[in-house]
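Just so you know, the sequences run in chain order W and X.
The numbering used here puts the first residue of the first sequence at 8, with every later residue one more than the last.
The numbering used here puts the first residue of the second sequence at 8, with every later residue one more than the last.
Protein chains: 2
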Amino acid sequence: MAIVSRYTIALHILTWLAFWAEKDEFFPSDRIANSVGTSPVFLRRILGQLAKAGLVLVQHGGTGAGWKLARRPEEISLLDVYEAVVQTPLFELHHSQPNPSCIIGNGIQPALQEIYEDSEEALKRRLAQETIKDLVGSSLEHGKR
Amino acid sequence: MAIVSRYTIALHILTWLAFWAEKDEFFPSDRIANSVGTSPVFLRRILGQLAKAGLVLVQHGGTGAGWKLARRPEEISLLDVYEAVVQTPLFELHHSQPNPSCIIGNGIQPALQEIYEDSEEALKRRLAQETIKDLVGSSLEHGKR
DNA sequence: CTCAAAGTAACCGTAACGGTTACATTGAAT
DNA sequence: ATTCAATGTAACCGTTACGGTTACTTTGAG
Numbered sequence: 008m009a010i011v012s013r014y015t016i017a018l019h020i021l022t023w024l025a026f027w028a029e030k031d032e033f034f035p036s037d038r039i040a041n042s043v044g045t046s047p048v049f050l051r052r053i054l055g056q057l058a059k060a061g062l063v064l065v066q067h068g069g070t071g072a073g074w075k076l077a078r079r080p081e082e083i084s085l086l087d088v089y090e091a092v093v094q095t096p097l098f099e100l101h102h103s104q105p106n107p108s109c110i111i112g113n114g115i116q117p118a119l120q121e122i123y124e125d126s127e128e129a130l131k132r133r134l135a136q137e138t139i140k141d142l143v144g145s146s147l148e149h150g151k152r
Numbered sequence: 008m009a010i011v012s013r014y015t016i017a018l019h020i021l022t023w024l025a026f027w028a029e030k031d032e033f034f035p036s037d038r039i040a041n042s043v044g045t046s047p048v049f050l051r052r053i054l055g056q057l058a059k060a061g062l063v064l065v066q067h068g069g070t071g072a073g074w075k076l077a078r079r080p081e082e083i084s085l086l087d088v089y090e091a092v093v094q095t096p097l098f099e100l101h102h103s104q105p106n107p108s109c110i111i112g113n114g115i116q117p118a119l120q121e122i123y124e125d126s127e128e129a130l131k132r133r134l135a136q137e138t139i140k141d142l143v144g145s146s147l148e149h150g151k152r
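In structure tokens form, the structure reads like this:
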């Protein structure tokens with residue numbers, strides 16, 4: 008299966024917050040949900056992960072409660088978001104253990120582990136090159152048409 | 008979620024076949040299953056995909072039926088296997104459509120699409136650098152210890 | 001004290017995956 | 001032509017994870 012849509016949602020949230028960042032308000036999850044098109048509860052779950060990773064700030068209680076970016080958009084890379092939201096490794100090894108008395112079965116897991124880690128690294132390096140600021144620009148550019 | 012363990016299984020199969028390739032026999036799915044540690048039916052499903060992609064040959068009927076590599080191990084890259092077995096894109100977009108009347112909601116999907124495709128490309132480029140022959144060598148190396 | 005909003009637990013429907021059983025089909029060998 | 005070892009495939013199952021929802025508690029600014 009693929010990288011969960013949760014990652015897409017997280018990027019959407021941050022891009023939206025970045026777009027409105029100049030107002031320097033806290034935005035409630037309901038308002039963000041209006042743009043993303045999903046439920047506020049689901050968003051809060053994700054926002055909680057982003058907060059733990061230090062990407063957003065939360066304000067509880069009273070009027071004006073909600074969320075805003077903890078850093079400037081150009082200081083949040085897509086890799087930061089990936090690591091905040093995706094916890095599982097990209098590749099799965101065998102579910103049931105391979106036969107250790109088979110020459111190949113015995114050594115293939117560490118062999119795969121190496122190349123899997125390298126490949127995941129290649130993906131992450133690419134994600135590290137892009138920031139939320141880039142995404143705001145690109146979204147506005149595409150939205151025009 | 009992660010890239011399905013099916014990919015790991017496919018690599019295991021091909022590595023195993025490559026290891027025994029010098030015998031130039033067809034090997035039945037039951038024997039391969041003995042090394043991989045999973046069911047022959049599951050293996051045949053995957054082997055079918057590998058055959059469609061031209062990576063293995065199949066022999067039906069009678070004694071000596073089974074599977075073998077269609078090319079030399081150094082001519083099968085891990086990307087070939089990936090494309091034979093994984094059909095879905097790596098990243099998922101929104102499940103429910105974002106709000107098109109929101110400036111960000113309107114343009115974010117094509118913006119994400121671009122960076123998602125680039126990132127998947129980065130992953131694939133890395134996989135293209137490794138071959139089944141490399142995997143045989145690396146497995147034997149790790150198995151020694 | 002009020003009240004808008006976050007936090008959280010519980011539950012649900014859906015989908016995909018790995019695994020298994022069962023049966024039809026193939027085709028080399030004799 | 002028969003045999004039979006193996007593939008091909010459909011059907012089904014249990015488990016897991018995900019997105020979505022409801023309902024309730026907690027927070028804390030005003």
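Beta carbons: idealized from backbone N, C-alpha and C, even for Gly.
Computed from a predicted structure; not experimentally measured.
Of all alpha-carbon atoms in X/E81, X/E32, X/I83, X/S84, the one lying nearest the alpha-carbon of X/A72 is that of X/E32. Secondary structure within the segment 13-93 of chain X: the beta strand (DSSP E) runs of 3 or more consecutive residues, fully enclosed, are 63-66, 73-76 (chain order). Annotation for X/W23: I39, S42 place their beta carbon closer than 7 Å to its own, counting only its chain and skipping 5 residues before and after.
Taking a contact to require three or more Cβ pairs closer than 8 Å, the segment 139-152 of chain X and the segment 68-82 of chain W do not qualify as touching.
Spatial neighbours of X/Q120 in its own chain (CB-CB distance under 7 Å, excluding positions within 5 residues in sequence) are not present. At least 8 Å separates the CB of X/F49 from every CB of chain W. Counting along the chain, the unbroken alpha helix (DSSP H) around X/P117 starts and ends at 110-135. The secondary-structure analysis by DSSP pairs X/T95 with nothing; it has no beta-bridge partner. One alpha carbon belongs to W/I115, the other to W/D125, and they sit about 16 Å apart. In this structure, X/P105 lies away from W/H149, with their beta-carbon atoms at least 8 Å apart. Note on W/D37: under 16 other CB atoms within 10 angstroms of its CB, so exposed under the neighbour-count rule.
Three or more Cβ pairs closer than 8 Å define a contact, and the segment 127-136 of chain W falls short of that threshold against the segment 45-57 of chain X. For the pair W/G44 and X/H67, the CB atoms are not nearer than the 8 Å cut-off. The beta carbon of X/Q104 sits closer than 8 Å to some beta carbon of chain W. Interface residue (Cβ-Cβ distance to chain W less than 8 Å): X/R38 is not classified as such. Residue burial is scored here from C-beta neighbours: W/T15 has at least 16 other C-beta atoms within 10 angstroms and is therefore classed as buried. Within the segment 89-118 of chain W, those residues whose Cβ lies closer than 7 Å to any Cβ of chain X are, in chain order, T95, P96, L97, F98, E99, L100, H101, H102, S103, Q104, P105, N106, C109, I110, I111, G112, N113, G114, I115, P117, A118.
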